[in-house]
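J.: Sending over a structure as structure tokens; questions will come in a sec.
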Amino acid sequence: MPHTVTIDPVSRIEGHAKVTITLDDAGSVASARFHVTEFRGFEAFCVGRPVWEMPSLTARTCGICPVSHLLASAKAGDAVMGAHIPPAAVLLRRVANLGQIIQSHALSFFHLSSPDLLLGWDADPARRNVFGVMAAEPDLARRGIRLRSFGQSVIEAIAGRKVHSPGIVPGGVANPMSAETRDDLRDRLAEAHATAQNALTLFVGLLDGLDREIRSFGDFPSLFLGLANDEGVWAHDGGHLRFVDATGAVVADHIDAADYRDWIGEAVQHDSYLKSPYFKPLVDRHDDVNRGMYRVGPLARLNVCATMGSPLADEALAAYRERAGGIATSSFFAHWARLIEVIAATEQMATLLADDTILDPMVRATGRISHPRGVGVSEAPRGTLFHDYTVDEYGLLEHVNMIIATGQNNLAMNATVLQIAREWIDGPDIPEPVLNRIEAGIRAFDPCLSCSTHAIGQMPLAVELLDASGARISERRRG
Amino acid sequence: MAERVPTVPITIDGVEMEATAGETVLQCARRHGVDIPSLCFLEGLSPVGGCRLCVVEVAEDLRLRPACATTVTSDMEVTTQSSRLRSYRRSILELLFAEGNHVCAVCVSNGACELQDVAVRCGMDHVRYELQAPRRRVDASHPRYVFDPNRCILCTRCVRVCDEIEGAHVWDVAHRGHGAELVTDLHRPWGESTSCTWCGKCVASCPTGALSHQGSSVGEMRHTPDMIAWLVAARRREWTEREARR
């Protein structure tokens, strides 16, 4: 008996965006704005909850990168408790975050972005999705899906579940790792690594035909923020905050997570629920916050670090820097940076799993509430993530501030939309391939809103074209 | 020679069985493997018939009876499953879910919660009533335990176990109706209670995530309500006497 399931409308959290493009009197693009129209309110409804519940509660912020929230939240909890977490827990948290980076980057590259890269920006929209890739490049699609599955398995092995895992807690992790689980993960590393290397070779081979996209998908100077360790090596868990500028010069370094408010301000935009964090020292009270624009995520992390810290990833980084001219200023290169990070993740996971300390049964420190404030920072796949909690004497939340990677890229995403609009829009009509390029320019940042809408192959997107008086000339909608 | 316990004939869901004189319909049913959902009832404590989940139909009686507080009588005919009973039980559960903040996914008792279990067993897959979403202050002032009134269903197991088994009577229900709430030591923070012995029986008895151990993260709380019946039996020296009889 035929059975039809209809899902209509498709409206998921963090999945809705709007772009407004304004033309001047001459008909040229004057401004372009990217609006996020969803409101979540986590910072309000977490108030009053015990700090021990916060990792699982805030993990619900994102179904794609819950581990990043688990880690940032658990670290804020560690700080509130004054907990010195056991060595095995440090290793397990790192492996879980590497699994998170692998699965999310695999999703971004293979499921979301490869349709544009492999099938072409102008390909039929009905075919330009992951199913089209499956038809055209079945082996690549299969490998990409298996790579993501591997990352999810790592998360499940350590934290208990693939999505919204309960196993990363203030004080460490909930459960130790068994030798069998460790061996199983090690057995699967080689394939994951090979998949990333193959994808890297494929991507580099495509670059020559994409000059116009490279120079219009967010190619402008900005600051970059990421974690690095004391030697300047790429870090995703631990290390310290570092800002570099578009020349690679270190602007601020060795910033302790707890001091982030001295360096990062948060501006509220009248037309978007997404806040716009900026680099505070460059923005005076009445300045345009764009003066303090900085980017986070794979592009930023590779600009911030001196080396990746593992041989094959460092080889890939050297080739990347040669092509990008040292510091990569085009957000298009974020696709490349993601693949290098997956290579680094597989290499570094092998090292972490080879250390028998990871099997130690002592994985959780306990303690009383001993500090009124705790800040946790982790590198989420999309960039640096901050959780800042203030608690009362009993550990109940009094104030919560979360700075999410997608928010920190907000100013740069707006600038990217403007750059693409100026490069590609000519007159009041917006052809579909241009709409697709606007979408792809936003997607290069891998924002959470694309994560939550990838399943139908296209991000729900509305583009409004306004004239100088604000009247709508035309509109294109998707989703 | 062991004393013979008097029995009475009873029919539950059309099956004839022998009930022990003086026991309740719920005890008899469970002894014979008949499932009647309940929440406020806990073996070892006095029944209050408060949650009404265990209501059953008794032949020739128009009123529904709480099985936990109804003593068996000779030739009693009891029905534990009917469309009316299922409908009432679902409504009761929906009201409980609507009245508090029972978000299983982020609850310390997720996966080991009697309210969650009984909702699944009774087929409660959605709530038809408007969610009240109360903002009740969590009491984490006790060094060992946490009380989250948002997850409390006012079953009063904690009140009874503290009064009847521990003898401390720390817990009480304050106010009436919609405003009813649990309080410790006449409405002082639990951590300031001078009567609490820190025994943890209230936490062990709690059917939801309302009472938990300090430091519990989501899904980590495991209550041990069965220990109450065990304690009661131990205090009556039932086991030692049984051993002596052997």
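These protein sequences, in sequence, are chains Z and G.
If you count the first sequence from 1, you need to add 566 to reach my numbering.
If you count the second sequence from 1, you need to add 578 to reach my numbering.
Built from N, CA and C at the ideal position, the CB exists for glycine as well.
On a predicted model such as this, the values are computed, not experimentally measured, just so you know.
#1: Residue 718/G versus chain Z: which residues are under 7 Å apart at the beta carbon?
#2: Could you tell me whether the Cβ of residue 624/Z comes closer than 7 Å to any Cβ of chain G?
#3: Quick one: Cα of residue 724/Z to Cα of residue 800/G, how far?
#4: Which bits of chain Z does residue 624/G rub up against, with CB to CB less than 9 Å?
#5: What residues in its chain sit with their C-beta under 8 Å from that of residue 855/Z, if we drop five residues either side in the sequence?
#6: Please state the DSSP three-state secondary structure of residue 702/G.
#7: On a Cα-Cα basis, can you pick out the residue from 637/Z, 673/Z, 669/Z and 608/Z that is closest to residue 660/Z?
#8: At which residue ranges does the stretch 697-726 of chain Z contain complete alpha helix (DSSP H) runs of 4 or more residues, listed in the order of the chain?
#9: If I measure Cβ to Cβ from residue 875/Z and keep anything under 6 Å in the same chain, skipping five residues before and after, which residues do I get?
#10: Nearest chain G C-beta to residue 704/Z closer than 7 Å, yes or no?
#11: Verify the CB distance criterion: does residue 1018/Z have a CB-CB separation below 7 Å to chain G?
#12: List, in chain order, every chain G residue whose beta-carbon is nearer than 7 Å to that of residue 966/Z.
#13: Taking residue 684/G as the query, report the chain Z residues whose CB atoms sit under 8 Å from its CB, ordered along the chain.
#14: Closer than 6 Å by C-beta to residue 680/Z: which residues in its own chain qualify, once you throw out the five before and the five after it? Chain order, please.
#15: Buried or exposed for residue 961/Z, going by 16 or more other Cβ atoms inside 10 Å?
#16: Any chance you could list the alpha helix (DSSP H) runs of at least 4 consecutive residues sitting entirely within the stretch 745-786 of chain G, in chain order?
#17: Return the CA-CA distance between residue 852/Z and residue 1033/Z, expressed in angstroms with no decimal places.
#18: Determine, for residue 735/Z, whether the minimum Cβ-Cβ distance to residues of chain G falls below 7 Å.
#19: Tell me the rounded alpha-carbon separation between residue 951/Z and residue 783/Z.
#20: With DSSP run on the structure shown, which of helix, strand or coil describes residue 968/Z?
#21: List the residues of chain Z whose Cβ lies closer than 9 Å to the Cβ of residue 798/G, in chain order.
#22: Just tell me which of 632/G, 612/G and 770/G has its CA closest to the CA of residue 620/G.
#23: Which of the three DSSP states is assigned to residue 618/Z in this structure?
#24: Rounded to whole angstroms, what is the Cα-Cα separation between residue 1024/Z and residue 606/G?
#25: Checking contacts by CB at 7 Å: is residue 787/G closer than that to chain Z?
#26: Consider the Cβ of residue 1023/Z: report whether some Cβ of chain G lies at a distance smaller than 7 Å.
#27: Is it true that the stretch 583-591 of chain Z meets the stretch 979-997 of chain Z, where meeting means three or more beta-carbon pairs spaced less than 8 Å apart?
#28: Name, in chain order, the residues that DSSP records as bridge partners for residue 800/Z.
#29: Under a three-way DSSP split, which group does residue 841/Z fall into?
#30: Bridge partners of residue 786/Z, per DSSP?
#31: In this structure, does DSSP put residue 653/Z in helix, strand or coil?
#32: Residue 1021/Z to residue 705/G, Cα distance in whole Å?
#33: For residue 676/Z, name the three-state secondary structure that DSSP assigns.
#34: Helix, strand or coil, according to DSSP, for residue 595/G in the structure here?
#35: Taking 7 Å as the threshold (beta carbon to beta carbon), is residue 771/G in contact with chain Z?
#36: Have a look at residue 1051/Z and residue 947/Z and give me their C-alpha separation to the nearest angstrom.
T.: Considering the structure as presented:
#1: For a Cβ distance threshold of 7 Å, residue set 616, 960, 961 and 962 of chain Z lies close to residue 718/G, ordered along the chain.
#2: So, not an interface residue.
#3: If you take the alpha carbons of residue 724/Z and residue 800/G, they lie about 21 Å apart.
#4: Correct list: empty, because the minimum Cβ distance to chain Z is about 32 Å.
#5: Only 831, 833, 842, 844, 849 and 977 meet the Cβ criterion.
#6: The answer is coil: DSSP assigns residue 702/G none of H, G, I, E or B.
#7: Check the Cα spacing between residue 660/Z and each of 637/Z, 673/Z, 669/Z and 608/Z: the tightest is with 637/Z.
#8: Runs found: 704-725.
#9: Cβ neighbours of residue 875/Z beyond the five flanking positions: 799 and 800.
#10: So no, residue 704/Z is outside the interface.
#11: With a pLDDT of only 32 at residue 1018/Z, under 50, the local geometry of the prediction cannot be trusted, and no value is derived from it.
#12: Chain G residues near residue 966/Z: none, gap ~14 Å exceeds 7 Å.
#13: Here the neighbours are 619, 622, 623 and 626.
#14: Scanning its chain for C-beta atoms nearer than 6 Å, with the 5 sequence neighbours on each side dropped, one finds around residue 680/Z the residues 699, in chain order.
#15: With 16 or more Cβ atoms within 10 Å of its Cβ, residue 961/Z is classed as buried.
#16: For the stretch 745-786 of chain G, whole alpha helix (DSSP H) runs of length 4 or above, ordered along the chain, are 779-783.
#17: Linking residue 852/Z to residue 1033/Z through their CA atoms gives a straight-line distance of about 28 Å.
#18: Yes, contact with chain G.
#19: Take the alpha-carbon of residue 951/Z and the one of residue 783/Z: they are about 24 Å apart.
#20: DSSP places residue 968/Z in strand when its eight states are reduced to three.
#21: Under the 9 Å cutoff, chain Z gives 618, 732, 735 and 740.
#22: The candidate whose alpha carbon is nearest that of residue 620/G is 632/G.
#23: In this structure, residue 618/Z counts as helix in the three-state DSSP scheme.
#24: Legend: pLDDT at residue 1024/Z = 46, less than 50; position of this residue unreliable, no value from coordinates given.
#25: By this cut-off, residue 787/G is not an interface position.
#26: Confidence is the limiting factor: at residue 1023/Z the pLDDT is only 40, short of 50, which leaves the residue's position unreliable, though a coordinate-based value still follows. No, no contact with chain G.
#27: Yes, the stretch 583-591 of chain Z is in contact with the stretch 979-997 of chain Z.
#28: Answer is 794/Z.
#29: If DSSP states are grouped into helix, strand and coil, residue 841/Z belongs with coil.
#30: DSSP lists no partner for residue 786/Z.
#31: Here DSSP, grouped into helix, strand and coil, assigns residue 653/Z to helix.
#32: Note that residue 1021/Z scores a pLDDT of 31, beneath 50, so its modelled location is shaky; the value from the coordinates is reported in the next line. Taking the straight line joining both Cα atoms gives about 29 Å.
#33: Of the three classes helix, strand and coil, the one that applies to residue 676/Z here is helix, per DSSP.
#34: Residue state, collapsed to three classes: strand.
#35: Cβ-Cβ to chain Z under 7 Å: no for residue 771/G.
#36: Because residue 1051/Z is not part of the residues shown, which for chain Z are 567 to 1045, the question remains open.
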